[in-house]
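1074 is the number of the first residue of the sequence shown in the numbering used here; add one for each residue after it.
Every residue gets a Cβ at the ideal spot worked out from N, C-alpha and C, and that includes glycine.
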Amino acid sequence: MEPVGLILFLIIGLVAGWIAGRLMRGGGFGLLGNMVVGVIGAFIGGFLFNLAGIAAGGLIGSLVTATVGAIVLLFVVGLLKRA
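1. Between the Cα of G1157 and those of A1143, I1085, M1074, spot the shortest distance and give me the residue it belongs to.
2. Counting beta carbon pairs with one atom in the region 1126-1136 and one in the region 1103-1110, are three or more of them shorter than 8 Å?
3. Could you say which of G1086, A1125, I1127 lies nearest to V1110 if we only look at CA atoms?
4. Whose C-beta lies closer than 7 Å to the C-beta of A1139 among residues of the same chain, with five residues either side of it excluded?
5. So, are the CB atoms of V1137 and L1121 less than 9 Å apart?
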């Protein structure tokens, strides 16, 4: 991956993690926490969208995919914390 692509991937992860944090628990997780949640969410979202046959391209599509994946991640973590 080129340096510009990596930086863009991390920025999308940061924004997606922040959005998911705001939607799922009312706040963010800090800069590094948001980035980790967003990057892991990007992989989860990509996997789920691929299973559903949805192709989300471009910057907005990547952000939506990462945000959906981050929300799923936070939801599952919340379930596991309660158990």
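The relevant details are as follows:
1. With the chain covering 1074 to 1156 only, the question about residue 1157 has no answer from this structure.
2. No, they do not touch.
3. Stepping through the sequence shown from its first residue, residue 1110 is reached at position 37. With respect to the C-alpha of V1110, the residue from G1086, A1125, I1127 having the closest C-alpha is G1086.
4. Residue numbering aside, residue 1139 sits at position 66 when the sequence shown is read from its first letter. Here the set comprises I1085, G1086, A1089, G1111, G1114, A1115, G1118.
5. As a position in the sequence shown, residue 1137 is number 64, starting the count at 1. As a position in the sequence shown, residue 1121 is number 48, starting the count at 1. Not a contact, by the Cβ cut-off of 9 Å.
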